[in-house]
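First the structure, in the form of structure tokens, and then the observations on it.
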Amino acid sequence: MHRSFLLGTLGAVIVITALLLLLRPRARYYAFLGINLLITIILVADVVYGRYFRDVTSVALLKQARLAGEVQESVFALIEPRDLAYFIDLLVLVPLLCFQRDKRQPQSGLKWPLRLVLTVICLLVGANLTQASIDSLQQRQPGLIRAFWDKQVVAHNIGTLNFHAIDAWRYLKKQMASTKLSQEEQAAVAQWFAEHNAEGNKQYHNLMQGKNLIMVQLEAFQGFVLNFKINGQEVTPNLNRLAKKSLTFNNIYAQTAGGGTSDAEFLANVSLYPAREGAAFYEFYTNTFQSLPMAAKEQGYETVVMHANRPGFWNRTHMYTALGFDAYYSDLDFDIDEVFGLGLTDHSFYRQAVQKMQQMQQPFYAFLVSLSSHFPFVDANVSLSDRLDVGAWQGTFIGNYLQNIHFADEAVGVLIDELQAAGLWDNSVVVIYGDHTAIPHGRSQELAKLLYGKEGLDELQWQEEQKVVMMLHLPGDRLRGVNDRTAGQIDIFPTLANLLGFKSKYAAGRDLLNTDNGFVCFRNGTWINDDVIYFRSQRKLLDLKTGTELAAEDFAAEIERAEIELKVSDQLLEYDLIRQWQTEADG
């Protein structure tokens, strides 16, 4: 049990006690009993829910209709006799309350001024203890409180009561801030998506119709690792070989925001921009979507997602259901026979994933989320130095990263071998892409020394390194080559939709096989095309080749384009317009 959990829990109890002091004795007793019962119910709900989902409950789950049916029955089936122990104190308190009520003695207690002083003191003490608990977690995992990517970790560090208080506040703030778009605004959003995704005579349309789709999201795979050598040894030999047989996209940027890895999953499978705040996987999992797995299912595909991590992490259990996946295989569904870093090695994960694919009805869409190359890139029990000699970089952040990437690339080779042995390789479209960058800005000097042999990176060079790996392999090695259009992860879904004959009615991205002009926009409004980069926060525009600052007025159309793309994507997501339009269409 972490010290911050004790501080947070103690602080929450003191705050509740302070508020109860404001009440008269008899009212205080009733209020105490009610709060006690509420806390007991919450704790039991967390325990029972945790047995099934390995996570804690949230306010939004109360209205989550998708928990009905079989899943709900499974949760209730997990209630155990020992859970009644949580209610033991009520067996004492309720009779005591009845006895107190029957005595009908005049109320007495501390005078109001003294109660008020004690309340203020308790509130200050409790609030400071709670804040100390939150600050401790913020220092250890910056951004976690804001993004809520792991509710279980939050609850275990600041206390269950504080977690649920913050969760309730986030939910209420979101509800209070929500308004309804006017009919004119809705029409503008609908028109933008209709025009953006208008069907036409597209090249390669239906080229891969009926083929399986296997999409692999590689953890922290920055673009520079592809074809990179250190001490004469390739860092990614398997991906390098695959690239020669694939269509490689060498100007794909990571577009993730507060949702990290889950944002990459969202971008690739939904083709909308990440949430303005927090993670879309947590903030909007009750929404209705028209996603890649849904589009595949419309064409008769079986759809699964596999990730050998806790099902509650990033709220994946619920979001994957919202996205339309038929099944989600988490760490509960894999034999954890090899461990590195955060969990099952990618090597074993891929082997077991292919075994599961062999049991699926074809055609299928399998989305695989890797894990081995996750920060901090080391495992005290496993040494990677014998796999890749990084020389002077041994033991450094960069050296550990390169060895970890080499290890993960080794696993990609296992995946390819397993797919070929299973007879799936020649009947499948395989997409591989990186989820986000790995080298933080604070390590830019090390990256500069590795790549450029100098002490630092200018802003254009730094932006250049925000690219991630992406390649598309088709049966028969068709379309192999290099696509150098500037693009992002948001373009994956519409590109695949054209090849496989899927619909992508509400995609904000573009089909990269049918575009002549590169463009990628980021959550903060910065955008890049094939020639220039626009830094929105600075209102500065630079030529990518020369670094020369250009007049923003000359690119007014592109600046407006980025603003509109972000706006319509946000409106579709935040107002859950797809659900609203479907409801209206159904009458």
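Numbering of the sequence shown is given in my numbering, commencing with residue 8 and proceeding in unit increments.
For each residue, glycine too, the CB sits at the ideal point set by N, CA and C.
Please read all numbers here as calculations on a predicted model, not as lab measurements.
As the crow flies, the alpha-carbon of Leu27 is around 12 Å from that of Trp119. The segment 456 to 498 is shown to contain whole alpha helix (DSSP H) runs of 4 or more residues at 466 to 471, in chain order. For Asn213, the number of other beta carbons within 10 angstroms of its own is below 16, and it is reported as exposed.
Here Gln229 carries a strand assignment [DSSP, helix/strand/coil]. Counting of Cβ neighbours within 10 angstroms places Asn135 among the exposed residues, the total staying below 16.
Its Cα nearest to that of Asn316, the residue Leu351 stands out among Asp442, Leu351 and Ala302.
Residue environment: Ser355 is assigned as buried (16 or more neighbouring CB atoms within 10 Å of its CB, all protein chains considered).
Taking a 10 Å sphere around the C-beta of Arg586, we find fewer than 16 other C-beta atoms and assign the residue as exposed. Phe320 carries a helical assignment under DSSP once its states are collapsed to helix, strand and coil. By alpha-carbon distance to Glu581, the top candidate from Leu279, Asp174 and Gln198 is Leu279. In this structure, Ala415 and Ser379 form a Cβ contact; the two beta carbons are roughly 5 Å apart against a cut-off of 8 Å.
For Gly441, the enclosing beta strand (DSSP E) starts and ends at Ser435 to Gly441. Non-local beta-carbon contacts of Val376 in its own chain, meaning distances under 6 Å to residues more than five positions away in sequence, involve Gln224 and His314 in chain order. Sorting Met326, Leu548, Asp433 and Asp583 by C-alpha distance to the C-alpha of Ile566 places Leu548 at the top. The beta-carbon separation of Thr493 and Gly525, rounded to 3 Å, stays under the 8 Å limit for a contact. In the structure shown, the three-state DSSP call for Lys363 is helix. Contact check for Ser544 against Asn204 fails: the beta carbons are separated by 9 Å or more.
In this structure, Ile412 places its C-beta atom within 9 Å of the C-beta atom of Thr243.
Per DSSP, Phe374 lies in no alpha helix (DSSP H) segment; the continuous beta strand (DSSP E) that holds it begins and ends at Phe371 to Val376. Judged by pairs of C-beta atoms under 8 Å, the segment 252 to 261 touches the segment 471 to 479, as three or more such pairs exist. When the Cα atoms are used, Leu103 and Ala38 turn out to be separated by approximately 14 Å. For the pair Asp157 and Ser143, the Cα-to-Cα distance works out to about 16 Å. Between the segment 569 to 579 and the segment 276 to 296 there are three or more inter-stretch CB-CB distances shorter than 8 Å, so the stretches are counted as touching.
Per DSSP, the unbroken alpha helix (DSSP H) holding Thr16 starts and ends at Arg10 to Leu27.
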